[in-house]
């Protein structure tokens with residue numbers, strides 16, 4: 003059996019991949035620069051989703067299929083529940099997506115979602131990768147109540 007590489011010690015954040023062609027509300031919010039909060043998402047039933055806990059950080063990655071929106075980090079927030087097919091989230095969209103191009107220009111080119119863009123949710127970033135990502139953000143939103 004392959005060794006699992008995600009542990010509570012090295013988990014920085016869960017990454018939820020979004021194809022904007024399949025999720026019209028997210029696509030419209032991104033195109034119109036509207037405020038929008040992603041509240042839930044479907045995740046695969048696997049060891050990763052079973053590790054998801056309230057209070058874990060979460061990142062929304064937009065794949066930009068079709069080229070209508072920018073590929074990259076479109077939102078950051080929190081996991082709000084354990085996963086049971088779907089997972090409750092609180093991920094406000096960023097005003098501007100942190101593009102994959104911007105990430106790569108700053109040396110962030112080893113994220114799982116960059117290397118393996120097709121795959122089930124959730125993906126993840128390590129604590130070291132998250133520290134580099136956070137340097138490009140204006141902070142992380144507060145957790146909901």
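In the numbering used here, the protein residues as written are 3 to 147. Built from N, CA and C at the ideal position, the CB exists for glycine as well.
With DSSP run on the structure shown, which of helix, strand or coil describes residue i?
i: residue 31; result: helix
i: residue 69; result: helix
i: residue 107; result: helix
i: residue 26; result: helix
i: residue 5; result: Legend: pLDDT at residue 5 = 45, less than 50; position of this residue unreliable, value from coordinates given subsequently. DSSP places residue 5 in coil when its eight states are reduced to three.
i: residue 80; result: strand
On the DSSP letters alone, give me the boundaries of the beta strand (DSSP E) that residue i sits inside.
i: residue 90; result: 88 to 101
i: residue 142; result: First-last for residue 142: undefined, no H or E at that position.
Which stretch, first to last residue, makes up the alpha helix (DSSP H) that contains residue i?
i: residue 51; result: 49 to 53
i: residue 130; result: 129 to 136
i: residue 115; result: 114 to 117
I'd like the list of long-range same chain contacts for residue i, defined as Cβ closer than 6 Å, with 5 residues on each side in sequence excluded.
i: residue 70; result: none
i: residue 90; result: 42, 82 and 83
CB-CB under 7 Å to residue i, same chain, minus the five flanking residues each way: which ones, in chain order?
i: residue 3; result: Note that residue 3 scores 41 on pLDDT, short of 50, meaning its location in the model is unreliable; the coordinates nonetheless yield the value given after this. There are no such residues.
i: residue 79; result: 60, 91, 92, 93, 94 and 143
What's the C-alpha gap between residue i and residue j?
i: residue 124; j: residue 60; result: 10 Å
i: residue 138; j: residue 100; result: 8 Å
i: residue 118; j: residue 35; result: 27 Å
Hey, does residue i have any beta-carbon neighbour from chain D nearer than 7 Å?
i: residue 19; result: Checking the listed chains, one finds no chain D in this structure; it contains a single protein chain.
(message) Whether or not the segment 100 to 110 and the segment 20 to 29 are in contact is what I'm after, with contact meaning three or more pairs of Cβ atoms, one per stretch, closer than 8 Å; do they touch?
(response) no
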